[in-house]
Amino acid sequence: MKKLIIAASLLLGGFFAQAQVKGAKHVILIGMDGFGAYCFPKVDNPHMKQMMKEGAWTLQARSVLPSSSAVNWASMVMGAGPEVHGYTEWNSKQPELPSRELDRYGLFPSIYTLLREQKPKAEIGVIYSWDGIGYLFPKAAINKELACHDNDSLATAAAVEYIKTKKPDFLFVHLDEPDGVGHNIGHNIQPYFDQVHKNDVLLGKMLQAVKDAGMWDDTIILLTADHGGIKTGHGGKTMEEMQIPWIIRGPGIQQNKEIKSSVVTYDTAATIAWIFGLKTPQVWTGRPVKEAFK
């Protein structure tokens, strides 16, 4: 009987080490800074809307508070809110509160750490426009890191090249717009909508790269944001500042499915971990958005 139990345990262990979602070999997370969900009815963004038709989506996902940058980018990949990971300011470079738990790299456990520990051979990349992202992940766990210093076109070109040459298991691409336009000119006005259209063009280039790399049928692509905004600020408690798009498409994902359940930005990390079949730490509060899946 003991041998049977041990054999069953080994079998289950092997099962859970595999991807949870059949056919999913790669995940690409694309984050657009300051991208409020409120703008969707007003903008020309065909690639984003095509993703919605091909996948599952909600325009009522919420940021954590405060609804500002580093707090939410950290929450997105760390599976928990600022109360536990400790990053509390828009430009946090280290936790202002002690992280409730630390990983082997001395940071709060993130999706990068889980992947590196549980899938040691994984190809992992982070390509980002805002330099503040560089403080929010363990660089020793990453194969490819590139800071593009507020240049979204450069970040997109680098992502396209990386996708084609390395076919990463997990890639996070951060674009700094439309946040810059939102702060310098304003949210919910035509220049902001025009910038979202430009973001959509860049998104289209990354989607095409996935196709060109022969990865389209086994790649899950998730598009989201850190926060929205009103006037030229962010960090407040209005729905325009807090509601963000959350769009996912790829193998195992329902098509043209509006997600009705609650989605908070820390659920992004939990969903990616679930896709890869990773064990998540107790300190995470995020939950996988299973409603999106078939």
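Letter by letter, the sequence shown follows residues -19 to -1, 1 to 275 of mature numbering (1 follows the signal peptide of the UniProt record, and there is no 0).
We put the CB at the ideal spot given by N, CA and C, even for glycine.
Beta bridge counterpart(s) of residue i as assigned by DSSP
i: T200; result: H7
i: G214; result: I211
i: F257; result: Answer is none; F257 lacks a bridge partner.
i: T246; result: Beta-bridge pairing links T246 to no other residue.
i: F274; result: I234
Where residue i sits in the DSSP three-state scheme
i: Q235; result: coil
i: T172; result: Contrary to the premise, residue 172 reads as Pro rather than Thr in this sequence. Reduced to three states, the DSSP call for P172 is helix.
i: H155; result: strand
i: G113; result: helix
i: E104; result: coil
i: L183; result: helix
i: Q1; result: coil
i: W227; result: strand
i: L127; result: strand
i: T137; result: helix
i: L205; result: Per the sequence presented here, residue 205 reads as Thr, with Leu not at that position. Strand, per DSSP.
i: L(-10); result: Unreliable placement is indicated for L(-10), whose pLDDT of 37 sits below 50; the coordinate value is still reported in the next sentence. In the structure shown, L(-10) sits in a helix (DSSP, three-state: H, G or I).
i: A121; result: helix
i: Y93; result: helix
i: residue 280; result: Absent from the structure is residue 280, since the part of the chain shown begins at -19 and ends at 275.
i: E82; result: coil
i: K148; result: coil
i: G161; result: helix
i: V264; result: coil
i: P269; result: coil
i: T219; result: coil
i: I(-15); result: Residue confidence is low: I(-15) scores 38 on pLDDT, short of 50, so the model does not pin down where it sits. Its coordinate-derived value is still stated next. Note: I(-15) maps to helix in three-state DSSP.
i: F(-5); result: For F(-5), the predicted model reports a pLDDT of 35, less than 50, meaning its position is unreliable; a value from the coordinates is still stated below. Correct three-state label for F(-5): helix.
Distance between beta carbons of residue j and residue i, contact taken as under 8 Å
i: R230; j: I253; result: Wrong, their Cβ atoms sit about 14 Å apart, outside the cutoff.
i: V2; j: I228; result: With a Cβ gap of about 16 Å, V2 and I228 do not count as contacting.
i: P191; j: I123; result: For clarity, residue 191 is Val in the given sequence; the question names Pro instead. Not a contact, Cβ separation roughly 20 Å.
i: D181; j: N26; result: 4 Å
i: E104; j: D150; result: 5 Å
i: T94; j: R85; result: 7 Å
Closer than 8 Å to chain B by CB, residue i
i: I166; result: The structure shown contains no chain B, having only a single protein chain.
- Quick one: complete beta strand (DSSP E) runs, 3+ long, within the segment 12 to 80? 37 to 43
- Query: Is the segment 37 to 51 close to the segment 207 to 221, with three or more CB pairs under 8 Å?
  - Reply: In short, these stretches touch, since the Cβ pair count reaches three.
- Message: Measuring CB atoms only, is the segment 116 to 124 touching the segment 164 to 181, in the sense that at least three cross pairs come out at less than 8 Å?
- Response: no
- Answer yes if the segment 86 to 97 comes into contact with the segment 57 to 71, meaning at least three C-beta pairs across the two stretches below 8 Å, and no otherwise. Enough Cβ pairs lie closer than 8 Å, so yes.
- Task: Spell out a yes or no on whether the segment 30 to 42 and the segment 126 to 136 are touching, meaning 3 or more CB-CB pairs, one atom from each, closer than 8 Å.
- Result: no
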